[in-house]
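> Handing you a structure now.
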Amino acid sequence: MPFRRLTNALAGLALLTGGVAVAEPADPRARVERLLSHHHETPSKAALATVPGVDKILRAIAGDDLRFPPRRYAAFDALQHWPDARTRALYTAAVAAGQPAGLRHRVLRLWPRAFGVGALPVLRAALTDPDPQIRLTAAVAVDELSGGAASKALADALAAEPNAMVRAELGRLVARRAELR
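Each residue of the sequence shown is one higher than the one before, starting from 1 at the first, in this note's numbering.
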């Protein structure tokens, strides 16, 4: 019964204050973890930048392979706001063979947002990955890039693709890009 009273009191407080009554953690890492806990969107750079040393904290969370996967993946998402050599190194390690498939897919999709056409060498390599699902994700990521180099990467991948399903998707992407010219 005491738990129910506490729950009701907290609910009443939340109604009075117009939201959930939660104190902001003092520890910078805890503040970043809290920002990352909103699973449906990546926090803005402005929101994250309110925490001193946020990029270092995000890299520590993203680099911890024992971390709770959704929080770790959210840290990779947030690092797109800090596209520097350290983020590039983390992203490169995350898409390497042997990493969890979910992480590889997620980070492949982040490359174009973080690095623009600078992502093309990594994405081109992923277009030849042994896993056809990784090749599909890489193709979609390459398609987010503009320019002839991205179109050529997709056309080259199409010419070399052994899997019918991946070949069909590559063909669709190449045809769509040709129509847009």
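Glycine included, every Cβ here is placed at the ideal spot set by N, Cα and C.
All figures in this text were calculated on a predicted structure; none of them were measured in a lab.
(1) I need the straight-line Cα distance from Q80 to L110, nearest angstrom please.
(2) Can you name the start and end residues of the alpha helix (DSSP H) that P132 belongs to?
(3) Assign H105 to one of two classes, buried (16 or more other C-beta atoms within 10 Å of its C-beta) or exposed (fewer than that).
(4) Which word fits T50, buried or exposed, when buried means at least 16 other C-beta atoms lie within 10 angstroms of its C-beta?
(5) DSSP three-state call for V32: helix, strand or coil?
(6) In chain order, what residues of the same chain lie with their CB nearer than 8 Å to the CB of P28, ignoring the 5 residues before and after it?
(7) Helix, strand or coil: which one does DSSP assign to V122?
(8) List the endpoints of the continuous alpha helix (DSSP H) containing R109.
Well, looking at it:
(1) 7 Å
(2) P132 to D143
(3) buried
(4) exposed
(5) helix
(6) V51, P52, G53, V54 and I57
(7) helix
(8) A101 to F115
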